[in-house]
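These notes concern the structure reproduced below.
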Amino acid sequence: MSHSSEIQACIFDLDGVIVDTANFHYKAWKRLANELGFDLLPEQNEKMKGISRMESLDMLLEMGNIEATRKEKKQLADMKNNWYRDYISEMQPQDILPGVLDFLEELTEAHILVAIGSASKNAPTIVRQVQIGRYLDALIDGSKVTKGKPNPEVFLKAAEEMGMEPADCVVFEDARSGIEAAKNGGMRAIGVGSEQMLHQADMVIPGLDHINLEKLRTLEK
Ligand code: BG6
Ligand code: MG
């Protein structure tokens, strides 16, 4: 494998890796499904992780066997996004997941560059609210990409903005589509979540409180 080069940059997915917003996305989609007369189960939601707003809506409507015009889709997506924005509006630095800040500090001290690569158009709002902007060398969000994960565009753009090659980067992801995106882009990938769900990753950890620089470096061997 081409996986022996030195790690010079880490690219983090945001929702479900840095903050627990994956849960807010689920809550908002479930609420929309309920309004439309059906339920959204956790395993159905799992497939929607990492997927853009409109693509997620299409998946949801398919699950509920519902047809909608473009105009209706726009209205439904706006409804979901308004609920979601309501949920995230109260977020604060305390909502950063365990281990994240320590690891970001460690990376900064080691001169390893840090980026966010997120499918969410709300990513800049969340970054502002939890105040992690000072750690970031690049922030690529859903408004800067045209192709969703598993297409690697979001991570390739992050690498490019940092002046890095894909082989220099490691991606942290909680979504299967995100691990695939990293691999499709020629990057190493660390899954954040369950081993079973994210087995395509080079390493799986339950959360960023289970990683440090020394463990990260084991991917260089
Ligand atoms: C991803 C989430 O980070 O962003 C998805 O994993 C979400 O669940 C996607 O649909 C788009 O988010 P937003 O905030 O632009 O609707
Ligand atoms: Mg995620």
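Just so you know, the sequence shown maps onto residues 2 to 222 in my numbering.
Cβ atoms here follow ideal geometry from the backbone N, Cα and C, with glycine treated the same way.
Where DSSP assigns a beta bridge to His-16, which residues make up the other side?
Checking the sequence shown, residue 16 turns out to be Asp, not His. For Asp-16, which the question treats as bridged, DSSP gives the partners Val-20.
Heavy atom of ligand 1 within 7 angstroms of Asn-123 beta-carbon:
yes
Quick check: the Cα distance between Ile-127 and Asn-152, rounded to an integer number of angstroms?
When the Cα atoms are used, Ile-127 and Asn-152 turn out to be separated by approximately 23 angstroms.
Go through the region 100-150 residue by residue and report every complete run of the alpha helix (DSSP H) that reaches 4 residues or more, in order.
101-110 and 124-131
Cutting at 8 angstroms between CB atoms, please list the residues of its own chain near Pro-125, excluding the five before and the five after it.
Leu-140 and Asp-142
I'd like to check one pair, Arg-189 with Asp-203: are the Cβ atoms closer than 8 angstroms?
yes
Where do the N-terminal and C-terminal ends of the alpha helix (DSSP H) with Ile-180 fall, by residue?
177-185
Less than 8 angstroms between the C-beta atoms of Asp-16 and Ser-119, yes or no?
Going by C-beta atoms, Asp-16 is nearer than 8 angstroms to Ser-119.
For ligand 2, any of its heavy atoms closer than 7 angstroms to the Cβ of Lys-31?
Not under cutoff, so the answer is no.
Where does Ile-67 sit, in a helix, a strand or coil, going by DSSP?
coil
Contact set for Asp-40: own chain, Cβ-Cβ below 8 angstroms, skip 5 residues either direction
Annotation for Asp-40: Lys-31 and Ala-34 place their beta carbon closer than 8 angstroms to its own, counting only its chain and skipping 5 residues before and after.
Taking 7 angstroms as the cut-off, is the beta-carbon of Ala-23 closer than that to any non-hydrogen atom of ligand 2?
yes
With DSSP as the reference, label Glu-47 as helix, strand or coil.
helix
What is the DSSP secondary structure of Met-55, reduced to helix, strand or coil?
In the displayed model, Met-55 falls within a helix according to three-state DSSP.
Would Ile-133 and Ile-19 qualify as a contact pair, given that the criterion is a beta-carbon distance under 8 angstroms?
Yes.
Note down, in chain order, each residue of its chain lying with its Cβ closer than 8 angstroms to the Cβ of Glu-7, except the 5 sequence neighbours on either side.
Excluding positions up to five away in sequence, the list reads Asp-169 and Glu-221.
Coarse secondary structure for Met-204, derived from DSSP in three states
strand
In three-state DSSP terms, what is Glu-161?
helix
I'd like the span of the beta strand (DSSP E) that includes Glu-166, first residue to last.
Per DSSP, Glu-166 belongs to no beta strand (DSSP E) and is neither H nor E.
Just verifying my parser: in three-state terms, what is the DSSP assignment at Ser-3?
Residue confidence is low: Ser-3 scores 49 on pLDDT, short of 50, so the model does not pin down where it sits. No coordinate-derived value is stated.
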